[in-house]
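Right, one structure below, let's go through it.
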Amino acid sequence: MKASAHRSLFGPPQLLVLPAVLLIGGLYLFALLRVLWLSLSDPSFGLGNYRLLLSDATIQRVIWTTVWICVVATVITVVIGYVIAYAMAHVRSRERRVILLCIMLSFWLSVLVRTFAWVMLLRRNGVVNELFLSLGLISLPLTMIYNNAGVIIGMVHVMVPLATLPIYANLSAIDPSLMNAARGLGCGPTKSFLYVYLPLSKEGIAAATVLVFVFSLGFYITPAILGGGKVLMIAEYIEFQFHETLRWGVAAMMATLLLIAVLLVLALAARVTGLQRFTARTP
1 MKASAHRSLF GPPQLLVLPA VLLIGGLYLF ALLRVLWLSL SDPSFGLGNY
51 RLLLSDATIQ RVIWTTVWIC VVATVITVVI GYVIAYAMAH VRSRERRVIL
101 LCIMLSFWLS VLVRTFAWVM LLRRNGVVNE LFLSLGLISL PLTMIYNNAG
151 VIIGMVHVMV PLATLPIYAN LSAIDPSLMN AARGLGCGPT KSFLYVYLPL
201 SKEGIAAATV LVFVFSLGFY ITPAILGGGK VLMIAEYIEF QFHETLRWGV
251 AAMMATLLLI AVLLVLALAA RVTGLQRFTA RTP
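Residues in the sequence shown are numbered consecutively from 1, following our numbering.
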């Protein structure tokens with residue numbers, strides 16, 4: 001039995017891909033170690049760059065802005081994604097294909113194109129303000145870009161497909177007879193959803209939450225355009241340090257911090273929510 005297990009682990013198929021795995025893994029590891037070394041050695045060796053996390057008000061503000069925007073955008077995205085996934089799980093196959101097509105079309109479009117589209121929609125003389133003014137809902141144009149609200153709107157639009165698909169994969173596996181059984185035992189539609197359906201979908205919600213939050217931590221294009229330089233998140237701050245101030249050590253420190261944050265979120269999610277079991281069942 002041990003011999004068969006050894007052959008299945010190190011058989012010819014695995015040996016064929018082993019050089020590629022070692023090459024790609026080695027290149028990634030080299031790049032990560034290089035960034036880590038740069039964060040410790042530039043401008044001088046030590047933890048001086050990491051001490052800035054406790055003393056530099058700008059870096060603290062950038063981190064707080066990034067965390068706050070990511071949390072708000074993640075909550076909104078998961079709620080919208082859940083609503084769409086719930087509709088997909090409870091409509092006929094024809095309508096489901098149409099909804100899925102719309103989601104995938106949004107997913108396939110360039111992030112840059114979608115972000116510029118929101119600039120056209122949300123600017124002071126854009127479509128949204130003109131519509132509100134014509135309906136008499138507002139008397140003066142609203143400022144909906146170059147602030148946190150514009151960044152969150154753009155990020156939510158980009159990430160809704162990322163939340164919808166894992167939630168739908170979870171909801172489609174829920175047995176509809178469980179809801180019928182709950183109603184047969186006296187639960188109304190609301191209680192059946194809250195006490196039966198929603199708990200059964202928690203793994204899909206957890207997977208979507210982790211996926212969206214991790215992606216949002218590294219957002220660059222959408223905050224840079226819709227924020228207009230007034231909303232500074234970690235990715236844009238790293239780019240600024242690399243190309244403008246040439247403080248490569250600070251930029252490498254922030255990149256290392258971002259990587260550590262992502263790994264901690266993934267580890268915590270896998271431990272607390274059973275994300276490993278969900279990903280193992282998802283095809």
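Glycine residues also receive a C-beta, built at the ideal position from the N, C-alpha and C atoms.
(message) Among Ala163, Thr222, Val262 and Phe30, whose alpha-carbon lies nearest the alpha-carbon of Lys202?
(response) Position 202 of the sequence shown, counting from 1, holds the residue named residue 202. The shortest C-alpha separation from Lys202 is found at Ala163.
(message) Closest to Phe213 by C-alpha separation, out of Ile152, Gly188 and Phe242, would be which residue?
(response) The residue given as residue 213 occupies position 213 in the sequence shown. If we check each option's Cα against that of Phe213, Ile152 comes out closest.
(request) Mark Pro19 as exposed unless 16 or more other C-beta atoms lie within 10 angstroms of its C-beta, in which case mark it buried. (result) Against the sequence shown, residue 19 aligns to sequence position 19. The residue in question, Pro19, is exposed, as its Cβ has fewer than 16 Cβ neighbours within 10 Å.
(message) Would you call the region 67-79 in contact with the region 238-251, where contact means no fewer than 3 C-beta pairs closer than 8 Å?
(response) Pairwise C-beta distances place the region 67-79 out of contact with the region 238-251, as fewer than three of them are shorter than 8 Å.
(message) For Trp291, count the other beta carbons within 10 Å of its own beta carbon; 16 or more makes it buried, fewer makes it exposed. Which is it?
(response) Here the chain covers residues 1 to 283 and nothing more, so residue 291 does not appear.
(message) Assuming Phe202 is part of the alpha helix (DSSP H), what are its boundary residues?
(response) By one-based count along the sequence shown, residue 202 stands at place 202. According to the sequence as given, residue 202 is Lys; it is not Phe. Taken as a continuous stretch (DSSP letters only), the alpha helix (DSSP H) holding Lys202 covers Lys202 to Leu217.
(message) Three or more C-beta pairs under 8 Å: does that hold for the region 30-49 against the region 205-220?
(response) With the cut-off at 8 Å, the region 30-49 and the region 205-220 do not touch.
(message) For a minimum of 4 consecutive residues, which ranges assigned as the alpha helix (DSSP H) are wholly contained in the region 19-66?
(response) The region 19-66 contains these whole alpha helix (DSSP H) runs: 48-55.
(request) Report buried or exposed for Ala261, applying the criterion of at least 16 other Cβ atoms within 10 angstroms of its Cβ. (result) Here residue 261 is taken as the residue at index 261 of the sequence shown, counted from 1. Flag for Ala261 reads buried.
(message) Can you check which of these residues, Ser134, Trp248, Leu259 and Phe193, is closest to Tyr86 by C-alpha distance?
(response) One-based indexing of the sequence shown puts residue 86 at position 86. Nearest C-alpha to Tyr86: Phe193.
(request) For Ile167, count neighbouring Cβ atoms within 10 angstroms of its own Cβ and tell me buried if that reaches 16, exposed if not. (result) Working through the sequence shown from its first residue, we reach residue 167 at position 167. The residue in question, Ile167, is buried, as its Cβ has 16 or more Cβ neighbours within 10 Å.
(message) Just to confirm before moving on: does the CB-CB distance between Gly229 and Ile145 stay below 9 Å?
(response) Here residue 229 is taken as the residue at index 229 of the sequence shown, counted from 1. Here residue 145 is taken as the residue at index 145 of the sequence shown, counted from 1. With respect to Ile145, Gly229 sits apart: the two C-beta atoms are not nearer than 9 Å.
(request) Give a yes or no on whether the C-beta atoms belonging to Asn170 and Ile205 are separated by under 9 Å. (result) The residue given as residue 170 occupies position 170 in the sequence shown. The residue given as residue 205 occupies position 205 in the sequence shown. Yes, they are a contact pair.
(request) Report the rounded CA-to-CA distance for Leu268 versus Leu217, giving the unit in angstroms. (result) Locating residue 268 in the sequence shown gives position 268, where the first residue counts as 1. Locating residue 217 in the sequence shown gives position 217, where the first residue counts as 1. When only Cα atoms are considered, Leu268 and Leu217 end up about 16 Å apart.
(request) Mark Thr115 as exposed unless 16 or more other C-beta atoms lie within 10 angstroms of its C-beta, in which case mark it buried. (result) For this step, residue 115 is matched to residue 115 along the sequence shown. Thr115 is buried by the Cβ-count criterion.
(request) Using 8 Å as the cut-off, classify the Cβ of Leu101 as near or not near the heavy atoms of the ligand SAM, replying yes or no. (result) Ligands displayed in this structure: none; no statement on the ligand SAM is therefore possible.
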